[in-house]
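Add 71 to a position in the sequence shown, counting from 1, and you land on the number used in the working numbering. The structure appears right after this line, and notes come after that.
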Amino acid sequence: MKKFIIHGHKPLCGTVWIAGAKNAALPILAATLLTNQPVTLRNIPHLTDISVMYEILTELGCTIHQTTDGVTVSAKTINRQTIPDFLAGRLRGSILMMGPLLARTGHVRISMPGGCAIGARPIDLHIKGLIALGAQCKNSHGFLDLTAKKLVGSKIYLDFPSVGATENILCASVLAQGVTVIQNAATEPEIIDLANFLNCLGAKIAGAGTDTIMINGVSCLRGTNYTIMSDRIEAGTMLTAAAATHGEVTVLGIVPAHINPLTAKLREMNHTLQIEEDSATISAAKMARAVDIKTLPFPGFPTDMQAQVTSLLAVSEGTCIITETIFENRFMHIGELVRMGANIKVTGRSAVIEGKKHLVGTRVRATDLRAGAALVIAGLAAIGDTEISDVYHIERGYDRLDEKLRKLGAEIYPC
Ligand code: EPZ
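What follows is the structure, encoded as structure tokens:
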């Protein structure tokens, strides 16, 4: 199994171009099922999650034509409505195909997604929304079978502003008869990107990015060319790595407002941030100040940056508390950080971090995507060598991370 070897304690310096957002590309790729016209998408990141999504679309009957900077998907004919479980098991994001497939064909069958390293991750809100639009749902032998003769617009309140549930309901409602209103909708930037894409197809969506989204159903959709937004979590990961290694890095091709929750916290920690129209430059503080962090739905501090910032706080001055309110088991990286000398104690959904002058490299294991990124940051900051195993987790969500870090002066090598 592939590993990363990192010779740590070197400052990252330079400029890095940020890839397209995984968490925008996945729902938008799923949404290509809604139209029988070809769709060309640009700024698609090169990730294993994206490759699995291509495999699933192909299994359903779509044609996929990859180019250097993107992909053209044609869902002219869909000859299957079952998401193969050997593929659904490899990509949790496959549940995002429920809404589009149901809207386009009136039927979708998918194996119930299990939990994952970070939590149980139920999909009750997805199902509640699709049933509200007129779907019937059967759960037999671990498979979900959703059918709908016709989807009819409805008012749907989400008990929690779930990103995935908002995306599935959004996709199902664009072809429903009448008006759908999603209340307490997720407001993440990826929701806006999906809604913008759907409107380019001819959908009629208003309010994306707020907690109330209104959709006027249409009878059919056209094709389009669309460029995926940049990955705010990759940008945040690079800035955090620069802070942890006392470096100076510029991330290019970003939307600064998307990383506001992070840059605000980095400034509180005494790091210097210079924000331009589509870039951000961090000049790390000599000794960063520890700050408390609580993850919340957007525009709160993103849960997808919690692990990475935990590594930064582990080498910052003072004691602080990180509280993870979104997922119930998203501290898997902490045990590995403690093996590198971090002083962190977990109690329930909070972790108390007592900053140390430095960590020490050792053998660690990536347990999930963002935990893996946290270990890369810790290895870059640590004294000595760090070996990270199970880096396949990292490659699910980062486009050539080690290559980009080497260009910033990191000594990180696959082996
Ligand atoms: C999306 O996951 C992202 N994944 C996650 O990124 C991200 O952490 C998450 O949103 C929160 O921002 C993709 O976009 C592919 P949720 P999603 O539904 O849609 C509970 C990464 O690292 N919930 O907003 O699954 C759930 O248990 C990944 O890139 C229900 O209870 O997130 C969790 O506690 C990890 N019932 C909370 O809501 C439901 O029906 C947030 O889940 C749905 C969710």
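Glycine included, each C-beta is placed from N, C-alpha and C at the ideal position.
Using only the alpha-carbon positions, how far apart do residue i and residue j sit?
i, j, result
"SER387", "ALA359", "5 Å"
"ASP264", "MET300", "7 Å"
"ALA243", "ILE330", "29 Å"
"PHE369", "SER354", "25 Å"
"ALA361", "HIS429", "14 Å"
"ASN114", "THR106", "21 Å"
"GLY450", "ALA95", "29 Å"
"LEU112", "THR298", "6 Å"
"ILE19", "LEU172", "Because the chain spans 72 through 486 in this model, residue 19 falls outside it and cannot be assessed."
"LYS81", "ALA481", "7 Å"
"HIS110", "ASN267", "The sequence shown places Val at residue 110, not His. If I take the Cα positions, the gap works out to 14 Å."
"ASN400", "GLU305", "21 Å"
"LEU217", "LEU97", "21 Å"
"ASN341", "PHE402", "25 Å"
"ILE77", "ILE405", "19 Å"
"ILE392", "ILE415", "9 Å"
"GLN108", "PHE214", "30 Å"
"LYS220", "MET72", "47 Å"
Is any non-hydrogen atom of the ligand EPZ found closer than 7 Å to the C-beta of residue i, if you look at the structure I gave you?
i, result
"LYS93", "yes"
"VAL380", "no"
"GLU395", "no"
"LYS257", "Here residue 257 is Ala; the residue named in the question, Lys, does not match the sequence. Because some heavy atom of the ligand EPZ lies under 7 Å away, the Cβ of ALA257 counts as near it: yes."
"THR374", "yes"
"PRO332", "no"
"GLU466", "no"
"VAL462", "no"
"HIS329", "no"
"ILE284", "no"
"PRO193", "yes"
"GLY426", "no"
"SER225", "no"
"GLU261", "yes"
"ALA159", "no"
The beta strand (DSSP E) that contains residue i, what's its start and end?
i, result
"GLY141", "141-145"
"ILE115", "From DSSP, ILE115 is part of no beta strand (DSSP E); its letter is neither H nor E."
"ASP456", "456-460"
"VAL250", "250-254"
"CYS391", "390-394"
"LYS209", "207-211"
When DSSP labels each residue in this structure, what does residue i get in the three-state scheme?
i, result
"PHE75", "strand"
"ASP216", "strand"
"ILE465", "helix"
"MET358", "coil"
"PRO485", "strand"
"CYS291", "coil"
"LYS427", "coil"
"ARG410", "helix"
"PHE372", "strand"
"HIS136", "strand"
"ARG519", "The requested residue 519 is not part of the displayed model; the chain covers only 72 to 486."
"MET403", "helix"
"LYS93", "helix"
Looking at residue i: is its Cβ nearer than 8 Å to the Cβ of residue j?
i, j, result
"ASP470", "ALA90", "yes"
"SER460", "ARG436", "yes"
"ARG441", "ASP375", "yes"
"ILE286", "THR251", "yes"
"ASP302", "PRO116", "yes"
"ILE154", "SER165", "yes"
"ALA385", "ALA413", "yes"
"GLU407", "LEU118", "no"
"GLY432", "HIS464", "no"
"VAL223", "GLN248", "yes"
"ILE189", "LEU162", "no"
"ALA256", "ILE276", "no"
"LEU383", "ILE448", "yes"
Which residues bound the alpha helix (DSSP H) around residue i?
i, result
"GLN379", "377-385"
"SER301", "SER301 -> no alpha helix (DSSP H), and no H or E assigned at all."
"THR334", "331-339"
"THR495", "As displayed, the chain neither begins before 72 nor continues past 486, which places residue 495 out of reach and without an answer."
"ALA442", "440-452"
"HIS317", "That residue, HIS317, is in no alpha helix (DSSP H); it is neither H nor E in DSSP."
"ILE240", "234-244"
"ILE263", "260-271"
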